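Novice: Below is the structure I would like to discuss, written out as structure tokens.
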Amino acid sequence: MKFDNRFFIIVIAAVGLYAIFLIVSDFAIVSTQITNFKIQFLPIIVILVPCSWLALYARWNLLLRNVNVKISLKQNLKIYFAGYALAITPGKFGELVKSQLLKSKFNVPYTTTAPLVLVERLYDMVGAVAAAMFGIWLLGIGSVVIIVASSVLVLFFVLISSHNIFNKFLKIFGKFKIMSKILLPISESYEVVRASSRGKVAFLASLLTLSYWLLESLAVYFVLLAFGIDSVTYLNVVSTYTTSLILGAASFIPGGIGVAEGSLIGLLGLQGMDVSSTLTPVVIIRIVTLWYSVVVGFIALKLSGGFSLKAKS
Numbered sequence: 499m500k501f502d503n504r505f506f507i508i509v510i511a512a513v514g515l516y517a518i519f520l521i522v523s524d525f526a527i528v529s530t531q532i533t534n535f536k537i538q539f540l541p542i543i544v545i546l547v548p549c550s551w552l553a554l555y556a557r558w559n560l561l562l563r564n565v566n567v568k569i570s571l572k573q574n575l576k577i578y579f580a581g582y583a584l585a586i587t588p589g590k591f592g593e594l595v596k597s598q599l600l601k602s603k604f605n606v607p608y609t610t611t612a613p614l615v616l617v618e619r620l621y622d623m624v625g626a627v628a629a630a631m632f633g634i635w636l637l638g639i640g641s642v643v644i645i646v647a648s649s650v651l652v653l654f655f656v657l658i659s660s661h662n663i664f665n666k667f668l669k670i671f672g673k674f675k676i677m678s679k680i681l682l683p684i685s686e687s688y689e690v691v692r693a694s695s696r697g698k699v700a701f702l703a704s705l706l707t708l709s710y711w712l713l714e715s716l717a718v719y720f721v722l723l724a725f726g727i728d729s730v731t732y733l734n735v736v737s738t739y740t741t742s743l744i745l746g747a748a749s750f751i752p753g754g755i756g757v758a759e760g761s762l763i764g765l766l767g768l769q770g771m772d773v774s775s776t777l778t779p780v781v782i783i784r785i786v787t788l789w790y791s792v793v794v795g796f797i798a799l800k801l802s803g804g805f806s807l808k809a810k811s
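According to the working numbering, the sequence shown is numbered sequentially starting from 499.
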């Protein structure tokens, strides 16, 4: 697996952005927050985040078994987490590396597993919308975001209700070069997409995704507590955090970098928090929820032999 310069540009841009966040904030506040960080919360945060990943790993296994792809849990664990190395790509479509690994190591057809990456993004949105609903009920924030996201989900389910409509949609978006490589295998796998987003599978996958969001939001809540921020309840954190990530994903910027952070800062500000006091916690939140997984992904990619794969043309 080869990484072009765009990947490293994303990493450098993220580091630069976080540096700017901290520079423009009050240095005295930043130094005080870091000094007063309650270290006893760190083990809880470091454990909670991987626990949330396991919910998504269970979802991946569910989707694979639903299309009769069965490999050992140990091998699949490495392949699944290898996808996290490319989680910062737009729409997380870099996670197609999982399909590439399954093809090269177990000869599983690309057209069988590549559509599952699209289905995973669908369930990510389903879970995020369900979790963010708390924001409408409790805070009155994010209603427009949730309405738009829900409309997108409804549109998707309409698309997969008919093979003809589905193919027309893929034909339109397949004209864009950036989407063509992603949509080509999906166009040949309508039944895989349909079977993976209906009935019992859809219910269980949605439930596992919601569990992921709730666990990761709990880790975010503990990050805020570690910085002495206890004015925001857990349910408020769930809605605030998921809404910010929906906005980040909608931007189609790699990893939602900048948009997710800015949205999270803004939404916390709507709850009476001072912007300068939220900059440092938000940077740490993104490190433990995004970059932590990227590092783990690189380790898994190495262990799975992903670096020895030839990049697909």
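Heads up, the beta-carbon is just placed ideally off N, CA and C, and yes, glycines get one too.
Everything numeric in this text was worked out from a predicted model, so none of it was measured.
Can you tell me the Cα-Cα spacing of Phe720 and Leu561, whole angstroms?
Specialist: Within the sequence shown, residue 720 is the residue found at index 222, counting from 1. Within the sequence shown, residue 561 is the residue found at index 63, counting from 1. So the two alpha carbons sit approximately 31 Å from each other.
Novice: Less than 6 Å between C-beta atoms, sequence neighbours within five positions excluded: which residues of the same chain meet that for Lys810?
Specialist: In the sequence shown, residue 810 corresponds to position 312, counting from 1. Below a pLDDT of 50, predicted positions are generally treated as unreliable, and Lys810, at 43, falls in that range; the measurement from the model is reported next regardless. Closer than 6 Å at the Cβ level, and outside the excluded window around Lys810, lies no residue.
Novice: Please specify which runs of the alpha helix (DSSP H), each continuous and at least 4 residues long, are wholly inside the region 771-804, giving them in chain order.
Specialist: The region 771-804 contains these whole alpha helix (DSSP H) runs: 773-784, 790-801.
Novice: Hey, quick one: how far does the alpha helix (DSSP H) through Tyr582 stretch, first residue to last?
Specialist: As a first step, residue 582 must be located in the sequence shown, where it is residue number 84. It is not in any alpha helix (DSSP H) - Tyr582 carries neither H nor E in the DSSP assignment.
Novice: Under a three-way DSSP split, which group does Lys810 fall into?
Specialist: Residue mapping note: residue 810 aligns to position 312 of the sequence shown, counting from 1. Residue confidence is low: Lys810 scores 43 on pLDDT, short of 50, so the model does not pin down where it sits. Its coordinate-derived value is still stated next. Three-state result, Lys810: coil.
Novice: May I have the straight-line CA-CA distance separating Arg563 from Leu600, to the nearest angstrom?
Specialist: For the purposes of this step, residue 563 is taken as the residue at position 65 of the sequence shown. For the purposes of this step, residue 600 is taken as the residue at position 102 of the sequence shown. In a straight line, the C-alpha of Arg563 is about 13 Å away from that of Leu600.
Novice: Reducing DSSP to helix, strand and coil, say where Gln769 ends up.
Specialist: Position 271 of the sequence shown holds residue 769. Residue state, collapsed to three classes: coil.
Novice: Could you check the C-alpha separation between Ser476 and Trp789 for me, to the nearest Å?
Specialist: Nothing in the structure corresponds to residue 476, since the chain is present only between 499 and 811.
Novice: Going by beta-carbon coordinates alone, are Thr778 and Ser761 separated by less than 9 Å?
Specialist: Residue numbering aside, residue 778 sits at position 280 when the sequence shown is read from its first letter. Residue numbering aside, residue 761 sits at position 263 when the sequence shown is read from its first letter. Going by C-beta atoms, Thr778 is not nearer than 9 Å to Ser761.
Novice: To which residues of the same chain is Gly787 closer than 8 Å at the C-beta, ignoring the five residues directly before and after it?
Specialist: The residue you call residue 787 lines up with position 289 of the sequence shown. Inspection of the sequence shows that residue 787 is occupied by Thr rather than by Gly. Counting only Cβ-Cβ distances below 8 Å, and skipping sequence neighbours, we find Val547, Glu714, Ala717, Val718.
Novice: Report the start-end ranges of each alpha helix (DSSP H) in the region 543-600 that is 4 residues or longer and not cut off at the edges.
Specialist: 571-580, all fully within the region 543-600.
Novice: Does Gly756 come out as helix, strand or coil in the three-state DSSP assignment?
Specialist: Along the sequence shown, one-based indexing puts residue 756 at 258. DSSP places Gly756 in coil when its eight states are reduced to three.
Novice: For Val509, I'd like the list of residues in its chain whose CB is within less than 8 Å of its CB, leaving aside the five on either flank, ordered along the chain.
Specialist: On the sequence shown, residue 509 is found 11 positions in, with the first residue counted as 1. The residues are Ile586.
Novice: Using a threshold of 8 Å, is the CB atom of Gln598 nearer than that to any non-hydrogen atom of the ligand FMN?
Specialist: Only the bare structure without any ligand can be found here, which leaves the ligand FMN out of the picture.
Novice: Count the other CB atoms within 10 Å of the CB of Ala541; is the residue buried (16 or more) or exposed (fewer)?
Specialist: Within the sequence shown, residue 541 is the residue found at index 43, counting from 1. Reading off the sequence shown, one finds Pro at residue 541, where the question assumed Ala. It is exposed - the Cβ of Pro541 has fewer than 16 other Cβ atoms within 10 Å.
Novice: How about Val690 and Trp711: do their beta carbons lie closer than 9 Å?
Specialist: For the purposes of this step, residue 690 is identified with residue 192 of the sequence shown, where counting begins at 1. For the purposes of this step, residue 711 is identified with residue 213 of the sequence shown, where counting begins at 1. Against a cut-off of 9 Å, the Cβ pair of Trp711 and Val690 comes out as no contact.
Novice: Between Trp558 and Glu618, is the Cβ-Cβ spacing less than 9 Å?
Specialist: Reading the sequence shown from its first residue, position 60 is the one you call residue 558. Reading the sequence shown from its first residue, position 120 is the one you call residue 618. Going by C-beta atoms, Trp558 is nearer than 9 Å to Glu618.
Novice: Does DSSP put Val736 in a helix, a strand or coil?
Specialist: The residue labelled residue 736 in the question sits at position 238 within the sequence shown. Here Val736 sits in helix by DSSP.
Novice: Classify Lys607 as helix, strand or coil using the three-state DSSP reduction.
Specialist: Working through the sequence shown from its first residue, we reach residue 607 at position 109. Lys is not the amino acid found at residue 607; the sequence shown has Pro there. Residue state, collapsed to three classes: coil.
Novice: Does the beta-carbon of Val544 have 16 or more other beta-carbons within 10 angstroms, so that it is buried, or is it exposed?
Specialist: Mapped onto the sequence shown, residue 544 falls at position 46. Counting Cβ neighbours within 10 Å, Val544 comes out exposed, since fewer than 16 surround it.
Novice: Tell me the rounded alpha-carbon separation between Glu593 and Tyr582.
Specialist: Taking the sequence shown and counting its residues from 1, the one referred to as residue 593 is at position 95. Taking the sequence shown and counting its residues from 1, the one referred to as residue 582 is at position 84. Distance between the alpha carbons of Glu593 and Tyr582 is about 7 Å.
Novice: Please report how far the alpha carbon of Ile797 lies from the alpha carbon of Ala703, in whole angstroms.
Specialist: Numbered from its first residue, the sequence shown carries residue 797 at position 299. Numbered from its first residue, the sequence shown carries residue 703 at position 205. Cα to Cα, Ile797 sits roughly 26 Å from Ala703.
Novice: So, is Asp772 buried or exposed, given that buried needs 16 or more other C-beta atoms within 10 angstroms?
Specialist: By 1-based counting over the sequence shown, the position of residue 772 is 274. Exposed, since its Cβ has fewer than 16 Cβ neighbours within 10 Å.
Novice: Would you mind stating whether Leu620 and Leu651 have Cβ atoms separated by less than 9 Å?
Specialist: As a working note, residue 620 is residue 122 in the sequence shown. As a working note, residue 651 is residue 153 in the sequence shown. Cβ distance < 9 Å, so Leu620 and Leu651 count as in contact.
Novice: With the cut-off set at 9 Å, would you say Ala556 and Leu706 are in Cβ contact?
Specialist: Position 58 of the sequence shown holds residue 556. Position 208 of the sequence shown holds residue 706. Yes, the Cβ-Cβ distance between Ala556 and Leu706 is below 9 Å.
Novice: In three-state terms, what does DSSP make of Thr731?
Specialist: Position 233 of the sequence shown holds residue 731. Coil, per DSSP.
Novice: If you draw a straight line from the C-alpha of Gly767 to the C-alpha of Ala724, how long is it?
Specialist: In the sequence shown, residue 767 corresponds to position 269, counting from 1. In the sequence shown, residue 724 corresponds to position 226, counting from 1. Roughly 18 Å separates the two Cα atoms.
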